[in-house]
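Each step along the sequence shown adds one to the number in the working numbering, with nothing skipped, and position 116 is 117.
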Amino acid sequence: MTKYSLENKLKIYDRFIATITAIGVVGGGLWGAYTFFKQQKQSIKLRQRELAFMVYKDKKDAYLSLVDAANEITASKNRKEVIEKASLYLRLYYGRAHVIADSDHKVSESKIAFKNKLMTYLKDEQIDTSPFEYFGGVAFAITNSCKIYLDPRAIDELK
Numbered sequence: 002m003t004k005y006s007l008e009n010k011l012k013i014y015d016r017f018i019a020t021i022t023a024i025g026v027v028g029g030g031l032w033g034a035y036t037f038f039k040q041q042k043q044s045i046k047l048r049q050r051e052l053a054f055m056v057y058k059d060k061k062d063a064y065l066s067l068v069d070a071a072n073e074i075t076a077s078k079n080r081k082e083v084i085e086k087a088s089l090y091l092r093l094y095y096g097r098a099h100v101i102a103d104s105d106h107k108v109s110e111s112k113i114a115f116k117n118k119l120m121t122y123l124k125d126e127q128i129d130t131s132p133f134e135y136f137g138g139v140a141f142a143i144t145n146s147c148k149i150y151l152d153p154r155a156i157d158e159l160k
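Here is the structure:
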């Protein structure tokens with residue numbers, strides 16, 4: 002009887018060890034899957050942040066160029082200088098700034114307002130105010146509307 006009792010105890014012990022091993026394998030698999038998906042999620046977040054930074058850099062270049070072109074016109078000494086500098090602004094307006102600024106409503110509005118004011122100035126030779134007085138307000142509006150998009154700390158707010 003002792004032998005039989007020892008065999009029963011070994012079978013029970015064997016089953017217990019097998020059950021614990023199976024639970025460990027399943028638990029390890031679940032933990033591995035959890036860790037994998039957590040890393041995937043972190044990887045996706047990192048990639049989205051990298052893409053947001055790339056877009057930020059493109060916007061920064063285009064917006065700084067647009068602001069500089071508008072303010073070059075505003076800082077002109079006379080009508081002749083405005084005419085010379087207008088082509089750079091218009092090239093940015095219809096090119097890089099148009100592609101990038103279209104999604105930013107305030108930038109788009111201020112960019113259009115400056116272009117309209119510039120076109121009026123170029124067509125009307127009777128305007129006798131200084132370029133600073135004539136373009137100052139709309140140039141300042143472009144600068145203000147672009148400002149938030151030029152601050153790298155605002156990347157998360159812009160999503």
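Glycine included, every Cβ here is placed at the ideal spot set by N, Cα and C.
Nothing here was measured: the structure is a model prediction, and the numbers come from that model.
Chain-order list of residues whose beta-carbon lies under 7 Å from that of residue i (same chain, five-residue window excluded)
i      : result
Ile101 : Asp59, Lys60, Ala63
Val68  : Ile143, Thr144, Cys147
Ser77  : Val83, Lys86, Pro132
Simplified DSSP state of residue i, which is helix, strand or coil
i     : result
Asp15 : helix
Top-ranked residue by Cα proximity to residue i, from the options
i      : options                      : result
Tyr90  : Lys107, Lys78, Met120        : Met120
Pro132 : Phe115, Lys46, Leu47, Ala23  : Phe115
Ser66  : His99, Glu51, Val83, Arg80   : His99
Phe141 : Ala34, Glu110, Arg80         : Glu110
Tyr1   : Gly30, Ile18, Arg80          : No information on residue 1 is available, as it lies outside the stretch 2 to 160 that the chain covers here.
Asp1   : Ala53, Tyr14, Asp103, Glu126 : Summary: the structure shown does not reach residue 1, with the chain confined to residues 2 through 160, and so no result is reported for it.
Nearest-angstrom beta carbon gap, residue j and residue i [assumed within contact, 8 Å]
i      : j      : result
Ile74  : Lys112 : About 13 Å; that fails the 8 Å criterion.
Asp105 : Tyr57  : Asp105 to Tyr57, Cβ: 12 Å. No contact.
Contact set for residue i: own chain, Cβ-Cβ below 8 Å, skip 5 residues either direction
i      : result
Lys118 : Tyr135, Phe136, Val139
Gln48  : The sequence shown places Arg at residue 48, not Gln. Cβ within range, chain order: n/a, list empty.
Ser1   : Because the chain in this structure spans residues 2 to 160, residue 1 falls outside the shown range and cannot be described.
Beta-carbon contacts of residue i that lie in its chain and below 6 Å, excluding the five residues immediately before and after
i     : result
Ala70 : Leu89, Tyr90, Leu93
Gly33 : none
Arg97 : Ala63
In chain order, which alpha helix (DSSP H) runs of at least 4 residues are fully inside the segment 58 to 145?
-> Runs of the alpha helix (DSSP H) inside the segment 58 to 145: 80 to 95, 97 to 102, 106 to 124.
Ranges of the alpha helix (DSSP H) found wholly within the segment 24 to 52, counting only runs of at least 4 | You should have found no qualifying run.
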